[in-house]
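Numbering (the numbering used here), first residue to last: 96 to 571.
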């Protein structure tokens, strides 16, 4: 999203060395400050900082030096660890030998302090479910509106647990739960670590399994969406198929008492289904090919396209949504069936084919099909739309943009007419300009004071200038 920032923002600073972050920043050609290259400067900064915070507590120079050396070794040069050391010193705890090893030791100690030696507890404990929901959610979740439904934990219990975990999972001014620092998420999920079965067992009370967490959140979202999908399931097979896919995969949990809020469920269910993997991941295709789901999510088309791009075997649907992103909302059903039907049947993509059939039936029910001819090119073709309406040959085309930035195509033909079209939605001509008494052989456009003008020439020996927004009469 860096390109979306204002032009006045010229510098982006990040201390995230992860491979995926570096890959995303690569097109910006960033300056990388290599940690090894600046190792001596980093070590000096750690030494200066520790001496500053330890001197009020340790006056003896020899003891001070040995303490600085010991804390430096435990911190691995991370200033976040030194921050915890400073907090302990401010509480009067200066026993360096009792300091934990690394940030992992700090987080383990904090969980034991507030939750007990069992940490997050067994897989069904309320503390675990709350932490899982916060860690697996792709955005900070609201304490009372979202977190209870996602974790399946009552509001009062959620508030009690967060009160204990306020240093690791603080609630900020937006009333949403935030993770104190990414290092805590990495540690509690063991991100980037390949653990043996023995290690997983050893750390089971201090670990969040992201697949398990995503399964819980996917179930919370499915519980919320089931009534929504059921509303038209008697008419549309794609909605029925999504419901059946939930049940076959075990996504719907009959024991769940609470559900995710509808807005969260619609926006993030695909993310959680794919994060859960296995049969849950297979259900993601059925969901994005549900007519009711697509229509609801099309209100934010860019996020829908991004989700569909992640779903295996949904490339055809993604291509159609990209082509239809600027279409009028009331023509969405028409866009879907015309672009999807032939190609989905040929490719054997049953889920996408169901969506195409349902979209066609919906368009027919709303009398859309009779309103215009089929003109949209199917997905998989380089052609976007086929504009039909001239009687006889087409002699010329030109283009212009409306004041709203919408593209228009102008054509002229042997039927003595000039037609104005919307190349995005296709369909019948938006405007037919008549006035020539002979075959129109050429057409051009220009802009006058931000208003478009069309110029045409014909075999009646005349050249006409038209205002395409003024009912189609020639100006000159």
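Glycine included, each C-beta is placed from N, C-alpha and C at the ideal position.
Contact under 9 Å by Cβ, residue i with residue j
| i | j | result |
| --- | --- | --- |
| residue 393 | residue 429 | no |
| residue 405 | residue 363 | no |
| residue 492 | residue 481 | no |
| residue 431 | residue 451 | yes |
| residue 202 | residue 323 | no |
| residue 390 | residue 427 | yes |
| residue 260 | residue 226 | yes |
| residue 559 | residue 571 | yes |
| residue 535 | residue 553 | yes |
| residue 360 | residue 303 | no |
| residue 206 | residue 194 | no |
| residue 307 | residue 183 | no |
| residue 144 | residue 177 | yes |
| residue 497 | residue 503 | yes |
| residue 353 | residue 213 | no |
| residue 235 | residue 271 | yes |
| residue 356 | residue 314 | no |
| residue 129 | residue 167 | no |
| residue 523 | residue 484 | yes |
| residue 378 | residue 337 | yes |
Residue nearest to residue i in terms of C-alpha spacing, selected from the options
| i | options | result |
| --- | --- | --- |
| residue 419 | 331, 388 and 518 | 518 |
| residue 266 | 239, 137, 244 and 190 | 239 |
| residue 165 | 192, 449, 369 and 559 | 192 |
| residue 190 | 309, 123, 258 and 149 | 149 |
| residue 173 | 241, 483, 181 and 197 | 197 |
| residue 210 | 543, 247, 262 and 195 | 262 |
| residue 349 | 321, 218, 501 and 557 | 321 |
| residue 341 | 497, 250, 373 and 402 | 373 |
| residue 494 | 416, 549 and 510 | 549 |
| residue 285 | 413, 298 and 129 | 298 |
| residue 368 | 317, 257 and 398 | 317 |
| residue 273 | 130, 228, 415 and 371 | 228 |
| residue 237 | 264, 544 and 220 | 264 |
| residue 445 | 456, 525, 381 and 414 | 381 |
| residue 138 | 170, 351 and 521 | 170 |
| residue 185 | 413, 152 and 204 | 152 |
| residue 249 | 339, 220 and 457 | 220 |
Presumed contact (8 Å Cβ cut-off) between residue i and residue j, rounded CB distance
| i | j | result |
| --- | --- | --- |
| residue 346 | residue 301 | 28 Å between Cβ atoms; not a contact. |
| residue 335 | residue 344 | Residue 335 to residue 344, Cβ: 15 Å. No contact. |
| residue 530 | residue 510 | Rounded, the Cβ-Cβ distance is 13 Å, inconsistent with contact. |
Beta bridge counterpart(s) of residue i as assigned by DSSP
| i | result |
| --- | --- |
| residue 514 | 506 and 527 |
| residue 58 | No answer is possible for residue 58: it lies beyond the span of the chain, which begins at 96 and ends at 571. |
| residue 494 | 504 |
| residue 276 | BP columns for residue 276 are empty, so no partner. |
| residue 454 | DSSP lists no partner for residue 454. |
| residue 543 | 546 |
Cβ-heavy atom distance, residue i to the ligand ATP, below 8 Å
| i | result |
| --- | --- |
| residue 385 | The ligand ATP is not part of this structure, which contains no ligands at all. |
Could you tell me which uninterrupted alpha helix (DSSP H) segments, each at least 4 residues in length, are contained entirely in the region 120-187, listed from first to last along the chain? 134-149, 156-170 and 174-185
Residue ranges of each alpha helix (DSSP H) within the region 378-413, 4 or longer: 386-392 and 396-405
To test your reading of the DSSP string, which unbroken beta strand (DSSP E) runs of 3 or more residues are found completely within the region 302-363? none
Segments assigned alpha helix (DSSP H), at least 4 residues, entirely inside the region 192-251: The qualifying runs are 197-210, 221-231 and 242-246.
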